[in-house]
Ligand SMILES: [Fe+2]
Ligand SMILES: [Fe+2]
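In our numbering, the protein residues as written are 1204 to 1533.
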């Protein structure tokens, strides 16, 4: 059986105990999960589709009669094993960097240098392509492909606040408040994105109903954030991922905006993109100063997970840029 099909079957079953009462059947299904995740490279597409479905289930519309076994133990097993596998592989890959971490005093400079020099930053050919050569259809497809992460961003930032009661909570709240359009529903970033998608006839429910539509790189990126928000153990990895997200040079977005304007879009139609040019610059500074630096100053050992998060995010973003550059020009 395919892992993605199995995940769908469990998630939408009306029987919350599916595969749990018959021990033999349960073992068979768990073995499949273990085998697919252990042989991750061979099953990358299937595993990431299944994990995305399982991880994003908690954010599905609660006001429907649709069954949603998001807390099913076999789905938990899948998520747990995926999270361990991804973190172990990344720790191995970046062992050199992780063994020579900067001190708290040098961290900011060190981090900005790593993020800004990263391949996925503004110098990637994808952004020059979006700015100068893309068609409207290609820009639409780019926005559609970014749905798995973008549609859940406000949920991620809202879920990650639990357990934080010091100064970092203020920064998280401020970031979340921006996401929530300072309380005005029409300015919720997610709603602004939906308005933009409607303006350009980009389907809204791809990330719910058509997971196979997405390039695997986009699912990997979303899964890394969603898997980290899912447990307390990976909270500091998530903090590092958020830091790298906000520190990306806003120029990437400005180049995309130039592409939309060149293709005749109005500023009002792409308000979602324009809004992020300025807010993200502020978020980057605030996240560094009020979340990351105080944590490292309090306990230097936390630096390990924060840097692992930065590297996970940069690796995922590079894969996205390479994949999108090829996909859009097909
Ligand atoms: Fe936003
Ligand atoms: Fe931001």
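Just so you know, even glycine gets a beta-carbon here, dropped at the ideal spot from N, CA and C.
Short Cβ contact (9 Å threshold) for residue 1522 with residue 1424:
Start at 1 with the first residue of the chain shown, and residue 1522 comes out as number 319. Start at 1 with the first residue of the chain shown, and residue 1424 comes out as number 221. Going by C-beta atoms, residue 1522 is nearer than 9 Å to residue 1424.
Applying the criterion that 16 or more other CB atoms from any shown protein chain within 10 Å of the CB defines a buried residue, is residue 1312 buried or exposed? On the chain shown, residue 1312 is found 109 positions in, with the first residue counted as 1. Label assigned to residue 1312: exposed.
Practice problem: List the endpoints of the continuous alpha helix (DSSP H) containing residue 1234. | Solution: Along the chain shown, one-based indexing puts residue 1234 at 31. Segment 1226–1241, the alpha helix (DSSP H) holding residue 1234.
- Task: Could you tell me whether the Cβ of residue 1485 comes closer than 9 Å to any Cβ of chain B?
- Result: Within the model displayed, chain B is absent; a lone protein chain is all it includes.
C-alpha distance - residue 1460 paired with residue 1370, whole-angstrom precision = The sequence position of residue 1460 within the chain shown is 257, counting from 1. The sequence position of residue 1370 within the chain shown is 167, counting from 1. Approximately 34 Å, taken between the alpha carbons.
Discussion item. To test your reading of the DSSP string, which unbroken alpha helix (DSSP H) runs of 4 or more residues are found completely within the region 1437–1517?
Written reply: 1438–1450, 1454–1465, 1474–1489 and 1496–1501
First and last residue of the uninterrupted alpha helix (DSSP H) at residue 1419 = Your numbering for residue 1419 matches position 216 in the chain shown. Element bounds for residue 1419: 1419–1432.
Checklist entry - Of the residues 1446, 1253 and 1447, which one's Cα is nearest the Cα of residue 1430? => result Position 227 of the chain shown holds residue 1430. Ranking the options by Cα distance to residue 1430, first place goes to 1253.
Closest by C-alpha distance to residue 1391, when choosing among 1358, 1331 and 1284: Along the chain shown, read from residue 1 onward, the residue named residue 1391 stands at position 188. When each option's Cα is compared against that of residue 1391, the closest is 1358.
What residue ranges within the region 1307–1333 form continuous alpha helix (DSSP H) runs of no fewer than 4 residues, ordered along the chain? 1310–1320
Where the alpha helix (DSSP H) containing residue 1345 begins and where it ends = Translated into the one-based positions of the chain shown, residue 1345 becomes position 142. Per DSSP, residue 1345 belongs to the alpha helix (DSSP H) from 1339–1348.
inquiry  = Judging by CA-CA distance, which residue of 1284, 1493, 1519 and 1381 is the nearest neighbour of residue 1318?
reply    = The count along the chain shown starts at 1 and reaches residue 1318 at position 115. The shortest Cα separation from residue 1318 among 1284, 1493, 1519 and 1381 belongs to 1519.
_CA-to-CA distance, residue 1440 to residue 1510, given in whole angstroms_ = As a first step, residue 1510 must be located in the chain shown, where it is residue number 307. As a first step, residue 1440 must be located in the chain shown, where it is residue number 237. Looking at the two C-alpha atoms, the distance is approximately 7 Å.
If I'm right that residue 1462 touches residue 1337 with Cβ under 8 Å, what's the distance once you round it to whole angstroms? Taking the first residue of the chain shown as position 1, residue 1462 is located at position 259. Taking the first residue of the chain shown as position 1, residue 1337 is located at position 134. About 5 Å separates the two Cβ atoms, so the contact holds.
### Message
Among the candidates 1531, 1214 and 1229, whose CA atom is the shortest distance from the CA of residue 1417?
### Response
As a working mapping, residue 1417 is identified with position 214 in the chain shown. Ranking the options by Cα distance to residue 1417, first place goes to 1531.
Check your understanding: Alpha carbon to alpha carbon, how far is residue 1401 from residue 1407?
Key -> Along the chain shown, read from residue 1 onward, the residue named residue 1401 stands at position 198. Along the chain shown, read from residue 1 onward, the residue named residue 1407 stands at position 204. When rounded, the distance between both Cα atoms is 8 Å.
**Asked** Assuming residue 1277 and residue 1236 make a contact with CB atoms under 8 Å, what is their CB distance in whole Å?
**Response** Position 74 of the chain shown, counted from the start, is the residue given in the question as residue 1277. Position 33 of the chain shown, counted from the start, is the residue given in the question as residue 1236. 7 Å between Cβ atoms; contact.
Would the C-beta of residue 1244 count as close to ligand 2, meaning under 8 Å from any of its heavy atoms? Counted from its first residue, the chain shown places residue 1244 at position 41. The answer is no for residue 1244.
Mind checking residue 1504: buried by the 16 CB within 10 Å criterion, or exposed? Residue 1504 sits at position 301 when you count from the first residue of the chain shown. Exposed, since its Cβ has fewer than 16 Cβ neighbours within 10 Å.
Problem set entry | Where residue 1387 sits in the DSSP three-state scheme | Your numbering for residue 1387 matches position 184 in the chain shown. DSSP places residue 1387 in coil when its eight states are reduced to three.
* Asked: Is residue 1405 helix, strand or coil by DSSP?
  -> Numbered from its first residue, the chain shown carries residue 1405 at position 202. Looking at residue 1405 - three-state DSSP - the assignment turns out to be coil, as it is neither helix nor strand.
With a 10 Å radius around its C-beta and 16 neighbouring C-beta atoms as the bar for buried, classify residue 1222 as buried or exposed.
-> The residue you call residue 1222 lines up with position 19 of the chain shown. Buried, because 16 or more other Cβ atoms sit within 10 Å of the Cβ of residue 1222.
- prompt: Would you report the Cα separation of residue 1451 and residue 1234, rounded to the nearest angstrom?
  reply: By one-based count along the chain shown, residue 1451 stands at place 248. By one-based count along the chain shown, residue 1234 stands at place 31. If I take the Cα positions, the gap works out to 40 Å.
Item to complete: State yes or no: is the C-beta of residue 1357 nearer than 8 Å to some heavy atom of ligand 1?
Response: What you label residue 1357 is simply residue 154 of the chain shown in a count that begins at 1. Yes, ligand 1 has a heavy atom inside 8 Å of this Cβ.
Check your understanding: When the Cα of residue 1365 is compared with those of 1263, 1476, 1436 and 1316, which residue comes out closest?
Key -> What you label residue 1365 is simply residue 162 of the chain shown in a count that begins at 1. Comparing Cα-Cα distances from residue 1365 to each of 1263, 1476, 1436 and 1316, the minimum goes to 1436.
*asked:* Would residue 1360 and residue 1332 be called neighbours here (beta carbons separated by less than 9 Å)?
replied: By 1-based counting over the chain shown, the position of residue 1360 is 157. By 1-based counting over the chain shown, the position of residue 1332 is 129. The answer is no: Cβ separation not under 9 Å.
Which stretch, first to last residue, makes up the alpha helix (DSSP H) that contains residue 1375?
For the purposes of this step, residue 1375 is identified with residue 172 of the chain shown, where counting begins at 1. Its alpha helix (DSSP H) spans residues 1370–1382.
Can you list, in chain order, the residues of its chain whose CB lies under 6 Å from that of residue 1403, leaving out five sequence neighbours each side? Residue mapping note: residue 1403 aligns to position 200 of the chain shown, counting from 1. Here the set comprises 1343.
* Asked: If you drop the 5 nearest sequence neighbours on each side, which residues of the same chain put their C-beta closer than 6 Å to that of residue 1327?
  -> What you label residue 1327 is simply residue 124 of the chain shown in a count that begins at 1. Hits under 6 Å: 1524.
*Sorted by chain position, which residues of the same chain lie with C-beta nearer than 6 Å to residue 1210's C-beta, five sequence neighbours on each side aside?*
In the chain shown, residue 1210 corresponds to position 7, counting from 1. Here the set comprises 1253, 1256 and 1257.
What residues in its chain sit with their C-beta under 7 Å from that of residue 1239, if we drop five residues either side in the sequence? Indexing the chain shown from 1 puts residue 1239 at position 36. Correct list, in chain order: 1206, 1246, 1249 and 1250.
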